[in-house]
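Enquirer: Dropping the structure in here first, questions after.
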C-alpha cells in the first residue's frame with residue numbers, strides 16, 4: 001500500500017500513549033491514535049489536539065505496530081523498533097523484524113518508564129544497527145544480503161561482525177544458533193517474584209505489581225474508539241507467567257528474525273494469485289491472505305475501528321534474495337582455458353567473482369556483452385492454521401489443516417524488476433502427513449502413534465486435499481518417510497488413504513502419490529541420490545510448470561504444485577524441494593535463452609546458500625534449530641562433519657522439545673487467538689498445553705455416543721444420560737496416582753463405567769452396575785492434588801462417589817481387541833500401564849482380604865471453563881458443582897425407582913452432601929514425589 005508511512009512516533013501524554021506519524025517524503029502519514037486510560041479505550045483524535053512530547057527520553061520512533069495484547073486485564077502495545085531490509089520485490093522493499101518494544105498501556109507511570117527505557121536503549125545501538133534500521137526504503141537494495149539465520153538474543157557483538165562464510169561450525173549451530181527459544185534457561189524468573197531489574201527491563205512499574213487506578217482522561221472529540229477490557233483494576237490477580245509471556249513475545253517477534261513485512265506490497269500471495277499491482281483503495285490488511293496473516297488477532301482492535309494506516313500485517317517464514325550472472329553465449333571449452341587465468345586473477349583482486357561466498361556480483365561495466373544479471377528471490381510463507389512447534393503440533397486436525405504447512409515461492413527476475421523482462425515464479429508446498437498421529441518429545445527417534453479410526457482419518461484427509469485442489473488445481477504428493485521401521489505404518493496408511501480418495505475423485509483430479517524412501521536411497525551419506533527422485537518426477541514437474549509474467553500480465557500460470565513431506569517436513573523435505581527448484585530454475589532460464597549447464601560457474605553457490613538459509617529459517621520456526629543436512633544443501637557435499645553437526649542439532653531439538661516448547665506453544669496459540677488468556681492458568685496448573693484444534697466437547701460427545709452403541713446391549717433399556725468424567729484408574733478407590741477420563745452412562749436399569757481408548761476411539765473395558773444395587777450417593781469437595789492453586793479450588797474440584805453391593809446382575813468386561821492401552825489422558829493422569837503397576841504394588845503391600853461387601857465408583861467433574869471454550873455457545877454453561885448435582889439427582893431418582901419396583905419400600909433419598917477428599921486431607925496425602933515432579937516442571941518450564 002503506497003500511502004503508508006515509514007515511521008511513527010510513540011510518546012507519553014498526560015492521558016495515555018499517542019501514536020503520532022512522522023511523515024516521510026510526502027507520503028500520506030499514519031492516522032494519529034491515542035490510548036486513553038480513563039475510559040479504557042484507544043481513540044483516534046485530530047493531529048492538532050495531540051500534545052507535544054517533552055523531554056529527550058519521552059518518545060521513541062517505531063517502524064510499525066504489531067498489535068495489542070491483554071493479559072490479566074493489563075494491556076501491552078507491541079511495536080517494531082528495529083528492522084532490516086532483506087529484499088526488494090517488484091521494486092518495493094521487504095523487511096524483517098529485528099527488534100520490538102512492549103509498552104504497557106495501563107497507567108501513565110508504567111508507560112512513561114517503559115518509553116524512557118526504550119528510548120535510551122535505542123540510543124545505545126551500535127552504528128551498524130543504526131544503518132541497518134535506517135529508513136532506506138527509497139534506496140536501491142544491494143544485491144547481497146546477510147542470511148537471516150542468526151538469533152539476535154543469542155549472538156554476541158563479536159559474532160555479529162563475522163562474515164557469512166564463517167558461520168557453519170558444529171559449535172555455532174548447536175551452542176549458539178540452536179534456535180529462537182534456545183536461551184530460555186537464561187531467562188527464568190526467580191520464585192521470589194519480579195525483581196526490580198526484571199520489572200524495569202519489561203517496562204513495568206517498580207512500585208507495584210498491579211495496575212493502580214487510572215487517572216481520568218480529559219474530554220476530547222474522539223473519532224473512533226478501540227475498546228479494551230472494561231475493568232483494569234488491581235483486584236484482578238496478575239498471572240504469575242506474565243513476565244515469561246512478555247519475554248517470549250520479545251523473542252518471538254523480535255530476536256527470532258522470522259517475521260517479515262512490507263509497507264507497499266502484499267507478500268502473502270504468490271505471483272500466480274495476484275498481478276502484484278498494489279491497490280491504493282484497499283488497506284493492506286484487507287489484501288493479504290488470512291492464512292499467512294500472523295498478527296491478525298492482536299491487530300483486531302485497530303482494524304475493527306478503521307485504523308487501516310497503522311494495521312501492518314506480518315508474515316512468518318523466510319524472504320531471501322541473491323543476484324547472479326548468466327551468459328547467453330558462454331565461452332566454449334577451448335576458450336575457457338585461456339580465460340581461466342584471467343578469471344582467477346580478477347577474482348583474487350575482487351573485480352570478478354561469479355558467485356563468491358558473500359554473494360557479491362560484478363558491476364554492470366564488468367559484464368560481457370552476452371552476460372546479464374538475474375535476481376532470485378525466495379519467499380516461504382508459514383500458515384497460521386495448526387501452527388505450532390514440532391511434537392506439540394503434528395498431523396492434521398478435524399478441519400483438514402496440517403502442521404508445519406509452508407508455501408515456498410521461487411522468483412526469477414531482472415534486478416530492476418523491469419516489466420518488459422519476464423518474471424518467472426515456481427511454487428511448492430510442504431506439510432505434515434494429513435493423518436491424526438502423535439510422537440513423544442522424550443525420544444530421539446519417536447514412534448508415530450496413529451490416532452482415531454481409519455474413517456475419521458479419511459474424512460479429515462479428504463477435507464485437506466479438497467482445499468488444496470481448490471487452491472492449486474493439481475497436486476503431486478512426494479512422501480519421503482521410511483518404507484521400513486517405525487515410519488512405515490503411517491506411510492502405508494497415508495498411501496492407502498490417498499488411494500481411497502483417488503477412487504472417489506474424477507480422472508481430472510487424481511492425486512499421484514510418489515513414495516521415495518529418502519533414508520534408504522541416500523544411505524551412506526549419498527544425498528546426491530535424490531537425483532533418482534528428480535528423474536521420476538521430471539515429466540510431472542515440467543508438466544506443472546511455473547508462472548510467467550510479462551508487462552504486468554500473466555502469460556503462463558502454474559498448473560499445480562508438489563506437496564512434499566517427511567515426518568517433520570524439515571530436513572529431507574528441504575533437500576528435495578531445493579532439487580526441484582533448481583530443475584525449474586534451469587528450465588525457466590532456458591526459456592529465456594540461458595543454458596545453465598553451459599555456464600562457467602556450475603557451483604551455483606548463490607542458489608545453494610539461499611535454499612539452505614530458507615531451510616534453517618523454517619526449521620527454527622518449527623523445531624527451534626537450524627535444519628539438518630544443511631551442509632549438503634549449501635555445498636552439495638556430505639562428510640562426517642555434517643553428520644556430527646546433525647547429531648548436535650538432534651540433541652538441541654531434544655532439549656528444546658522438553659524445556660521450551662510447552663510454554664512457547666501456549667503463547668503462540670494465545671497470540672493467534674486460538675485460546676484465551678486462561679491458557680496460562682492451565683499451563684501453570686498442569687505444565688502442559690492442549691491442542692485448541694481438537695474440540696474437547698465434540699470428542700467427548702462422540703465417545704458417549706460410541707459407548708452407548710457398544711455397551712448397552714438390552715434394547716429395552718432407556719438411556720437417560722451420558723457424561724465424560726474423571727475417575728481413578730484403579731477399582732474401588734477415590735484417589736490413585738493418576739486419574740483418567742471415563743464415560744459414565746445412565747439408563748433406567750443400570751450404570752455403565754466405560755474406560756475409553758481415546759487414540760483408537762474404542763471402548764477398552766466397561767463395568768455395569770444395576771441401579772437396584774446402589775446403596776449410597778455422596779457428593780462434594782473432591783481434591784486430588786495440591787500442587788497448583790487451581791487444584792485446591794473447592795468450588796471447582798467437586799465430584800461424587802456411588803456405593804453399591806456386588807451381585808450377579810453387575811458385569812465387568814474388557815475388550816481384548818483394543819490395540820493400545822494409552823488414551824486421552826486427563827490433567828495429572830498417567831497411562832493404564834502405570835495403573836496396572838500401581839495395582840500390583842498395592843496388592844503386594846496390602847494384606848489378603850475378601851471382596852468388600854460394598855464397592856465404590858468415584859467420579860470427579862472436569863473443569864467446565866477452559867481456554868478453548870467458546871463463550872456463549874449452547875446457552876449458559878453449568879458449573880462443576882451444578883453438573884455433579886444434576887448427575888447425582890438423576891442417579892438417585894432412577895435408583896429409587898428400581899429399588900421400589902424390587903422391594904416395595906417407601907421412597908428415601910440416597911444422596912448425601914459431604915467431602916470426598918477435603919483440602920486438608922489432600923494436603924496431608926500429597927506425596928513428596930508428586931510435589932517434587934511439579935516443582936521440577938515449574939522450575940524448567942515456567
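Residue numbers (full-length UniProt numbering): 1 to 942. Ideal Cβ placement from N, Cα and C applies to all residues, glycine included.
Assuming residue 946 and residue 615 are in contact, meaning their beta carbons sit under 8 Å apart, how far apart are those beta carbons, in whole angstroms?
Expert: Outside the displayed span of the chain (1 to 942) sits residue 946, for which this structure offers no information.
Enquirer: Please go through the same chain and pick out, in chain order, the residues whose beta-carbon is closer than 7 Å to the beta-carbon of residue 462, but skip the five residues on each side of it.
Expert: 501
Enquirer: Apart from the five residues just before and just after residue 512, which ones in its own chain have a Cβ nearer than 6 Å to its Cβ?
Expert: 476
Enquirer: Assuming residue 426 and residue 618 are in contact, meaning their beta carbons sit under 8 Å apart, how far apart are those beta carbons, in whole angstroms?
Expert: Going by Cβ atoms, the distance from residue 426 to residue 618 rounds to 17 Å, so no, they are not a contact pair.
Enquirer: Here's the rule I'm using: 16 or more other beta-carbon atoms within 10 Å means buried, otherwise exposed. How should residue 701 be labelled?
Expert: exposed
Enquirer: Classify residue 149: buried if its beta carbon has 16 or more other beta carbons within 10 angstroms, exposed otherwise.
Expert: The predicted model places residue 149 with a pLDDT of 32, which falls under 50 and marks its position as unreliable; any figure quoted below should be read in that light. Classification for residue 149: buried.
Enquirer: Give every residue of the same chain whose Cβ lies closer than 6 Å to the Cβ of residue 912, excluding the five residues on either side of it in the sequence, and list them in chain order.
Expert: 778
Enquirer: Exposed or buried, which one is residue 865 when buried takes at least 16 other CB atoms within 10 Å?
Expert: exposed
Enquirer: Quick check: what's the CA-CA separation for residue 329 versus residue 371?
Expert: 8 Å
Enquirer: If you run the structure through DSSP and keep just helix, strand and coil, what is residue 811?
Expert: strand
Enquirer: Rounded to the nearest angstrom, what separates residue 183 and residue 389 at their Cα positions?
Expert: Below a pLDDT of 50, predicted positions are generally treated as unreliable, and residue 183, at 36, falls in that range; the measurement from the model is reported next regardless. One C-alpha to the other measures close to 16 Å.
Enquirer: According to DSSP, simplified to helix, strand and coil, what is residue 160?
Expert: Any reading at residue 160 must be qualified, since the residue scores a pLDDT of 35, below 50, and its modelled position is unreliable; no value is offered.
Enquirer: To the nearest angstrom, report how far apart residue 323 and residue 96 are at their CA atoms.
Expert: So the two alpha carbons sit approximately 19 Å from each other.
Enquirer: Need the endpoints of the beta strand (DSSP E) that residue 374 sits in, please.
Expert: 371–382
Enquirer: Rounded to a whole number of angstroms, what is the C-alpha to C-alpha distance between residue 717 and residue 895?
Expert: For residue 717 and residue 895, the distance between alpha carbons rounds to 14 Å.
Enquirer: Count the other CB atoms, across all protein chains shown, that sit within 10 Å of the CB of residue 774; report buried if there are 16 or more and exposed otherwise.
Expert: buried
Enquirer: So for residue 255, helix, strand or coil by DSSP?
Expert: helix
Enquirer: With a threshold of 16 other CB atoms inside 10 Å of the CB of residue 442, please say whether the residue is buried or exposed.
Expert: Flag for residue 442 reads exposed.
Enquirer: Using three-state DSSP, classify residue 967 as helix, strand or coil.
Expert: Since the first and last residues shown for the chain are 1 and 942, residue 967 lies out of range.
Enquirer: Alpha carbon to alpha carbon, how far is residue 883 from residue 724?
Expert: Rounded to the nearest angstrom, the two C-alpha atoms are 11 Å apart.
Enquirer: So residue 980 packs on residue 667, CB below 8 Å; how close in whole Å?
Expert: Since the first residue of the chain shown is 1 and the last is 942, residue 980 is not available in this structure.
Enquirer: Within the same chain, show all residues whose beta-carbon is closer than 7 Å to that of residue 743, passing over the 5 residues directly before and after it, in chain order.
Expert: 703, 704, 707, 722, 724, 754, 756
Enquirer: Could you check where the alpha helix (DSSP H) with residue 916 kicks off and where it finishes?
Expert: Per DSSP, residue 916 belongs to no alpha helix (DSSP H) and is neither H nor E.
Enquirer: Assuming the contact rule is C-beta atoms closer than 8 Å, residue 585 and residue 412 should be a hit. Round their C-beta distance to whole Å, please.
Expert: 6 Å
Enquirer: Cβ atoms of residue 921 and residue 780: under 7 Å apart, would you say?
Expert: The Cβ-Cβ distance between residue 780 and residue 921 does not fall below 7 Å.
Enquirer: DSSP three-state call for residue 475: helix, strand or coil?
Expert: strand
Enquirer: Look at residue 67 and residue 80 and say whether their C-beta atoms are less than 7 Å apart.
Expert: no
Enquirer: Starting from residue 856, follow the beta strand (DSSP E) in both directions and report where the run begins and ends.
Expert: 855–860
Enquirer: Beta-carbon separation of residue 561 and residue 494 under 7 Å?
Expert: no
Enquirer: Buried or exposed, going by whether 16 or more other CB atoms sit within 10 Å of the CB of residue 720?
Expert: exposed
Enquirer: Indicate the three-state DSSP secondary structure (helix, strand or coil) for residue 285 in the structure shown.
Expert: helix
Enquirer: Rounded to the nearest angstrom, what separates residue 890 and residue 567 at their Cα positions?
Expert: Their Cα atoms are separated by approximately 48 Å.
Enquirer: Would you report the Cα separation of residue 798 and residue 785, rounded to the nearest angstrom?
Expert: Rounded to the nearest angstrom, the two C-alpha atoms are 12 Å apart.
Enquirer: Please report the residue range of the beta strand (DSSP E) in which residue 778 lies.
Expert: 774–781
Enquirer: Run through the DSSP bridge pairs and tell me what residue 798 is partnered with.
Expert: 781
Enquirer: List the endpoints of the continuous alpha helix (DSSP H) containing residue 492.
Expert: 488–504
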